[in-house]
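Below is one structure; the comments refer to it alone.
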Amino acid sequence: MQARPVTLAEGVSHDIASRADRAAALWLRQRNVPLALERPVVSFTFDDVPDSAVTNGARILAEHGCGGTFYLAGGLADASFGPWRFFSPSDVSLLLDQGHEVGCHTFSHPVVQTLDRARLTDELDRNRQWLTAADPRVKLESMAFPYGSVGFFQKAWTADRFTSCRGVRHGLNVGRVDRAQLRAVQLYDCRLDAEGLAEIIAETVRSKAWLVFYTHDVQDGPSEHGCSPALMERAVEAALAAGCEVLPVRDAMALAGESKLPQSRAA
Numbered sequence: 001m002q003a004r005p006v007t008l009a010e011g012v013s014h015d016i017a018s019r020a021d022r023a024a025a026l027w028l029r030q031r032n033v034p035l036a037l038e039r040p041v042v043s044f045t046f047d048d049v050p051d052s053a054v055t056n057g058a059r060i061l062a063e064h065g066c067g068g069t070f071y072l073a074g075g076l077a078d079a080s081f082g083p084w085r086f087f088s089p090s091d092v093s094l095l096l097d098q099g100h101e102v103g104c105h106t107f108s109h110p111v112v113q114t115l116d117r118a119r120l121t122d123e124l125d126r127n128r129q130w131l132t133a134a135d136p137r138v139k140l141e142s143m144a145f146p147y148g149s150v151g152f153f154q155k156a157w158t159a160d161r162f163t164s165c166r167g168v169r170h171g172l173n174v175g176r177v178d179r180a181q182l183r184a185v186q187l188y189d190c191r192l193d194a195e196g197l198a199e200i201i202a203e204t205v206r207s208k209a210w211l212v213f214y215t216h217d218v219q220d221g222p223s224e225h226g227c228s229p230a231l232m233e234r235a236v237e238a239a240l241a242a243g244c245e246v247l248p249v250r251d252a253m254a255l256a257g258e259s260k261l262p263q264s265r266a267a
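Okay, structure coming up:
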């Protein structure tokens, strides 16, 4: 039997409910921790991890003596999507060998907001199993929500398993920081020019804040969700020249005294 089409009223109602759920997660499910930094901090993070994020992004950071955080979804390994070819299993060890952090991005990259607890738990467990099979050194402390989407209940469930979870809400992390939904700034060529980069670094220094950049591919002629190697180089060099510490998310969280996984995290 063919499914009944969704009416306009039903679609609008669902969209309103979804927006309300995300707003409730953002403001009512906070896991705030105090962040008092001696120096401003910048973290470079990579979602989905196209192969160029490894060959270019990881390399650029390593050449400057810095580490980044790479949020991997095991189900994307060796897959292709549009212009992207994603990471290979061997890249997990390569990233760890270079001093980078491997974080969780679920296994199959679903919209987390739509998952019940059993399905979300399965996604997180499968990804942990896949990543630790790729390299037993993996210790998942950090997560990023695919598409930046998380609801009221899912935010609490993930916060119980990870030291931090990162969203895509624009802004700096300063003062009391919501470790269950860290704020972040796009490192996209189409969104961040030289003036914008200088401004966000300057504000990070003035506020003695933690700036979390996020991007996807790192290649010449990047996608609308990625950056060029030139922008990556400029951002790393600008952060270091301004006196910022460039750290993986895990290490930045340790500065807030959040270096241990929550006790309720599933094994």
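Here the sequence shown stands for residues 1 to 267, where the numbers follow full-length UniProt numbering.
Don't be surprised by glycine CBs; every beta carbon is placed ideally from N, CA and C.
Span of the alpha helix (DSSP H) around residue i
| i | result |
| --- | --- |
| Ser90 | 90-97 |
| Arg128 | 117-134 |
Counterpart residues of residue i in DSSP-defined beta bridges
| i | result |
| --- | --- |
| residue 275 | Residue 275 falls outside the range modelled here, since the chain spans only 1 to 267, and no answer is possible. |
| His170 | Ala184 |
| Gly103 | Tyr71 |
| residue 327 | The chain is shown only over 1 to 267; residue 327 falls outside these bounds and no answer can be derived. |
| Pro50 | Phe86 |
Residue i, DSSP secondary structure in three states
| i | result |
| --- | --- |
| Ser43 | strand |
| Val246 | strand |
| Gly57 | helix |
| Pro110 | coil |
| Pro229 | helix |
| Gly257 | coil |
| Arg234 | helix |
| Glu63 | helix |
| Lys139 | coil |
| His14 | Low confidence applies to His14: its pLDDT is 43, below 50, so where it sits in the model is not reliable, and the reading given next is rough at best. Helix at His14. |
Close Cβ partners of residue i (< 6 Å) along its chain, the five nearest in sequence each way excluded
| i | result |
| --- | --- |
| Trp27 | In this prediction, Trp27 has a pLDDT of 48, which is less than 50 and means its spatial position is unreliable; nothing more can be read from the coordinates. |
| Arg169 | Arg183 |
| Asp78 | Ser88 |
| Met253 | Thr163, Ser164 |
| Ala134 | Pro89, Val92 |
| Glu123 | Thr106, Phe107 |
Residue i - containing beta strand (DSSP E), residue span
| i | result |
| --- | --- |
| Ser142 | 142-144 |
| Asp35 | Here residue 35 is Leu; the residue named in the question, Asp, does not match the sequence. Taken as a continuous stretch (DSSP letters only), the beta strand (DSSP E) holding Leu35 covers 32-35. |
| Arg161 | Neither: Arg161 is in no beta strand (DSSP E) and is coded neither H nor E. |
| Arg176 | 175-178 |
Own chain residues within Cβ distance below 7 Å of residue i, not counting five before or after
| i | result |
| --- | --- |
| Pro248 | Ser43, Gly67, Gly68, Thr69, His100, Glu101 |
| Lys190 | The sequence shown places Cys at residue 190, rather than the Lys named in the question. Excluding sequence neighbours, Cys190 sits near Glu224. |
| Gln154 | Val112, Gln113, Leu115, Leu120 |
| Val218 | Ser52, Ala53, Asn56, Gly57, Gly226, Cys227, Pro229, Met232 |
| Ala239 | Val42, Ile201, Val246 |
| Ala209 | Pro40, Leu172, Asn173, Val174 |
Cβ shell of residue i (< 8 Å), same chain only, five flanking positions each side left out
| i | result |
| --- | --- |
| Cys244 | Arg39, Pro40, Val41, Val42, Ile201, Thr204, Val205, Leu211 |
| Tyr188 | Thr215, Pro222, Glu224, His225, Gly226, Cys227 |
| Leu131 | Leu72, Gly74, Val92, Val102, Cys104, Val138, Leu140 |
| residue 270 | The chain is shown only over 1 to 267; residue 270 falls outside these bounds and no answer can be derived. |
| Arg31 | Ala159, Asp178, Arg179, Ala180 |
| Gly148 | Gly167, Val168, Arg169 |
| task | Would you mind listing the beta strand (DSSP E) stretches within the region 184-219 that are 3+ residues and don't spill past its ends, in chain order? | result | 210-215
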